[in-house]
Amino acid sequence: MLTMKQFVLGVIAIALLLPPMAAAKKINVVTATTDMAALAQEVGGDRISVDSIAKGYQDPHFVEAKPSFLLKLRQADLLIVVGLQLEIGWLPPLITQSGNPRIQVGAAGYLDASQFAEILEIPQGVVTRAMGDVHPLGNPHYWLDPDNGRRVAKGIAGKLAELDPPDASYFQERFQDFDKRLTAAEQKWDGEMAPYHGSKVVTYHNSFTNFAKHFQLDVIGYVEPRPGIPPTPSHTLDLIGLMKRENCKLVLVEPYFDLKTPNSIGSATGAKVLVYLPSVGGEKQVTNYFELFDYDIDLLKKAFQ
Ligand SMILES: [Zn+2]
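Mapping of the sequence shown onto my numbering: position 27 corresponds to residue 265, and the numbering continues sequentially without gaps.
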């Protein structure tokens, strides 16, 4: 005789082994980050289920692996990564350990979204990770330019159509609708940011380049001496000197960094120190791609006024 506990465990085990019945038609999409999930959701609509591994308030370079990630990856039909080695510190072993042939690098269910985006700061010459740079292939924070959001959404729609040909026109229509809404939102955002073109900012990590390019802001320096390397006293002193010479009055900090050094820079220079959101889900109320820009542009407008 099975005990009730054994029975329940048995049912759960069978449920995990069997493909889900009612949801069998939905493409099970797993993304490395919330921004890729938000873009996939825009074009995938109700034909996909989508789940992100990293949370929007976490540093996407350094995510602590959990057993639950493996379960997600085992069941995925499609894995979307940011690429450019953003996830190299945590995702590759999980992909291997998942044993899911659909999402291995090079398989049809593995999508590196960086191939669709305009990539800035591609290094020239030989770059090694020993140099302490977590951006060896160019700046991986490209989703913070809405034009890249559009390009990535289009690429995802194409991949979903490839995996689910009968729904190809559905994904295409969803993309066109997203494109239209994004174009309208961009006009609004561009107008709101126009008075601040050329404004100087410092950011903690080098995650703001694509945003700054799109909205014509000038990032003059970083709290980190190199991407992924914590602040040092000598670099902080140099940065304070630079900010004073350039009359830079704003330091933007990603939500996952300590505010101690930014605050001391703020005191020394009279600059405001603000936490900006590099990702959807960085704050609870920022639940989609549009709300991410709404939030950050609102923050910047208030800072520059
Ligand atoms: Zn980075």
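Positions of the beta carbon are idealized from the N, C-alpha and C atoms, including for glycine.
None of the values given here were measured: they were computed from a predicted structure.
Supposed contact pair residue j and residue i - C-beta distance, whole angstroms, cut 8 Å
i           : j           : result
residue 326 : residue 270 : Contact doesn't hold; Cβ gap of about 11 Å is too wide.
residue 417 : residue 389 : Going by Cβ atoms, the distance from residue 417 to residue 389 rounds to 10 Å, so no, they are not a contact pair.
residue 275 : residue 297 : 17 Å between Cβ atoms; not a contact.
residue 493 : residue 512 : Wrong, their Cβ atoms sit about 11 Å apart, outside the cutoff.
residue 422 : residue 386 : No, residue 422 and residue 386 are not in contact; Cβ-Cβ is about 18 Å, not under 8 Å.
residue 343 : residue 333 : 7 Å
residue 281 : residue 391 : 5 Å
residue 539 : residue 430 : 6 Å
residue 382 : residue 322 : About 14 Å separates the two Cβ atoms, so there is no contact after all.
Classification of residue i by the beta-carbon crowding that lies within 10 angstroms, buried from 16 upward
i           : result
residue 397 : buried
residue 286 : buried
residue 278 : buried
residue 339 : exposed
residue 337 : exposed
residue 478 : buried
residue 518 : buried
residue 507 : buried
residue 299 : buried
residue 520 : buried
residue 535 : buried
residue 432 : exposed
residue 402 : buried
residue 273 : buried
residue 291 : buried
residue 364 : exposed
residue 362 : exposed
residue 310 : buried
residue 315 : buried
residue 411 : exposed
residue 259 : The predicted model places residue 259 with a pLDDT of 46, which falls under 50 and marks its position as unreliable, so this point remains unresolved.
residue 501 : exposed
residue 347 : buried
For residue i, three-class secondary structure by DSSP
i           : result
residue 487 : coil
residue 361 : coil
residue 376 : strand
residue 320 : coil
residue 329 : helix
residue 534 : helix
residue 390 : helix
residue 497 : coil
residue 512 : strand
residue 384 : helix
residue 338 : coil
residue 526 : coil
residue 542 : helix
residue 517 : coil
residue 307 : helix
residue 454 : coil
residue 281 : helix
residue 396 : helix
residue 261 : Since pLDDT at residue 261 reaches only 44, below the 50 mark, its modelled position is unreliable, and the value read off the structure follows with that caveat. DSSP places residue 261 in helix when its eight states are reduced to three.
residue 492 : coil
residue 434 : helix
residue 413 : helix
residue 426 : helix
residue 273 : helix
residue 366 : coil
residue 293 : coil
Bridge-paired residues (DSSP) for residue i
i           : result
residue 460 : 441
residue 467 : Answer is none; residue 467 lacks a bridge partner.
residue 350 : 319
residue 266 : 287
Test: residue i CB closer than 9 Å to a CB of chain C
i           : result
residue 321 : Annotation note: the requested chain C is absent from the structure, which comprises a single protein chain.
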